[in-house]
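This report concerns only the one structure given below.
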Amino acid sequence: MRAGTRALAALALAAACTACAGPAEPPAQTPAQTFTPTPARPSASAPVASSVRGVDPAAQAYVDAVNARDLDALVASFAEDGVIVDVSREIRGAEEIRGWAEREVIGGRLDVLEIVEPRRDGQKLLVHWAPGGSDGWRAHYDFTVADGKIVRADLQYAD
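Heads up: the sequence shown is residues -21 to -1, 1 to 138, going by mature numbering (1 follows the signal peptide of the UniProt record, and there is no 0).
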């Protein structure tokens, strides 16, 4: 038998064995999980209020918008000429922020773990960021705020 014929025969045999195996067992039921802001995969199904008190209202509006999957609210949390530094990329202005958030943020889960550095003009937060379909990682989100809006958000991996 030639190699190609042998491969086809093996595939046909595997398909026949699978078809004769009968129905698969139903998946085991798992208990519901409660929210804990850890590196474990948090549920992205419903927004949960931050358990950290004292988060700046503009930063909290951003967090809430991410978790509610509300693109308009996310964009509205920024000043019209707001800037995001996403590791090394700069996103500037409402239109660019909207495009970035639609592609890379909406559908993910963001949990505030700690206020690392409170400042008069904003604060640096330790967060757990989990883009849709991933377990995520810890990051520092450093928000600069003016007139109740984010004017700069510097998003960097936590050490």
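From the three backbone atoms N, C-alpha and C, an ideal C-beta is built for every residue, glycine too.
These numbers come from a predicted model, not from an experiment.
- A straight line joining the alpha-carbon of A73 with that of E96 spans about 26 Å.
- P110 and V42 have their C-alpha atoms some 13 Å from each other.
- For the options T123, L53, E81, the alpha carbon positioned closest to that of R98 is the one of T123.
- Nearest Cα to V84 within the set W108, V34, A40: W108.
- With respect to I94, V31 sits close: the two C-beta atoms are nearer than 9 Å.
- Looking at the DSSP output, I63 shares a beta bridge with I70, A132.
- Measuring C-alpha to C-alpha distances from A55 to each of V66, E69, Q39 identifies Q39 as the nearest.
- No Cβ-Cβ contact shorter than 9 Å links L89 with L105.
- DSSP places A109 inside the beta strand (DSSP E), whose first and last residues are 101 to 109.
- Residue environment analysis places D121 among the buried positions, since at least 16 neighbouring C-beta atoms fall within 10 angstroms of its C-beta.
- Nearest in C-alpha terms to L134, of all of D114, R82, V64, A52, is V64.
- When the five nearest sequence neighbours on each side are left out, the beta carbons in the same chain lying within less than 8 Å of the beta carbon of A58 are those of A125, D126, K128, I129, V130, in order along the chain.
- Burial is judged here by how many other beta carbons sit within 10 angstroms of a residue's own beta carbon; G101 has at least 16 and is buried.
- Sequence-distant Cβ neighbours of A44 in its own chain, meaning closer than 7 Å and more than five residues away, are A52, L53, S56.
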